[in-house]
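First residue of the sequence shown? That's 11 in our numbering, and the numbers climb one at a time after it. For glycine and all other residues, C-beta sits at the position ideal for the given N, C-alpha and C. Encoded as structure tokens, the structure appears first; notes follow it.
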Amino acid sequence: MMRKVFILTCMLFFMQPIFADTMPFYMDSIPKGTIGMYQTGDSITIFSEPEANSKIVKKIDFSYKAETMPDSVFGVLLNEKRLGFLYVSDIGDEGWVEVIYDKKTGAKGWVNTEDRFQFLPWLSFYNMYGRKYGLRLLKDAPDEIEVLKARSEDLSQTVATFRYVKQINLTAIRGNWALVSVFDIDKTPKTGYLKWRGDDGTIYAFPNIK
11 MMRKVFILTC MLFFMQPIFA DTMPFYMDSI PKGTIGMYQT GDSITIFSEP EANSKIVKKI
71 DFSYKAETMP DSVFGVLLNE KRLGFLYVSD IGDEGWVEVI YDKKTGAKGW VNTEDRFQFL
131 PWLSFYNMYG RKYGLRLLKD APDEIEVLKA RSEDLSQTVA TFRYVKQINL TAIRGNWALV
191 SVFDIDKTPK TGYLKWRGDD GTIYAFPNIK
């Protein structure tokens, strides 16, 4: 009897769908010094320099099927939506951007953008996806950012504090500050400025892309 139960449990486990989506949940998931995101298509060709005649470092095809997608490449990946982003660490001329294509080793290379929306600086990325889906605090964000300020300044008056956040709606980004409405456990909206990014570039809150 126990053997049958064990076999059935194993069968149910292996029949479960594979969800290999990727999102940053901790501050160190987002490499410091990154300046935005690069949206991938069905494939990517990475060069050693921001020139088409430079050495090809890597070519990757993307199936957007969880079981065949590469590890450690994406900063954000939603396979079902065929939506993937790599972190961008630098920009060059004529549409070239430097991406991190291996988060474990920090390996970087250059890709050429096909249109002006393929590379999204943080401001554009947050305006596009943060305003659509809202924000979420990263799990290890410091407790001291769980306040809303009257203005986008550290020394500004605190207008609200919050715990057990249910939802953060984004209205606008101003530097390292985000004008938001926060729905806490009491479901009463609190509006003010949230520090989404530290002065050293560390990100505390990220678009809650779904």
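When Cβ pairs closer than 8 Å are counted between the two stretches, the stretch 183-190 is seen to touch the stretch 147-162, the count reaching three or more. Counted as a single uninterrupted DSSP element, the alpha helix (DSSP H) harbouring Leu133 occupies residues Trp132 to Phe135. The stretch 72-101 contains, as complete beta strand (DSSP E) runs of 3+ residues, the segments 86-88 and 93-101 (chain order). When Cβ pairs closer than 8 Å are counted between the two stretches, the stretch 144-151 is seen not to touch the stretch 103-119, the count staying below three. Assignment of Glu124 by DSSP, reduced to helix, strand and coil, places it in the coil class. In the three-state reduction of the DSSP assignment, Asp112 falls in the strand class, which pools E and B. Separation of the CB atoms of Pro41 and Phe216 is rounded to 13 Å, and the pair is thereby denied contact status at 8 Å. One Cα belongs to Asp150, the other to Gln177, and the distance between them is close to 17 Å.
Under the criterion of beta carbons closer than 8 Å, Asp125 and Val83 do not qualify as touching, at roughly 21 Å. Annotated as distal: Pro131 and Ile213, with beta-carbon spacing of 8 Å or more.
In the DSSP annotation of this structure, the continuous segment of the beta strand (DSSP E) that includes Arg146 starts and ends at Leu145 to Leu147. Excluding residues up to 5 positions away in sequence, Lys65 and Trp120 lie with their Cβ nearer than 8 Å to the Cβ of Glu59 in the same chain.
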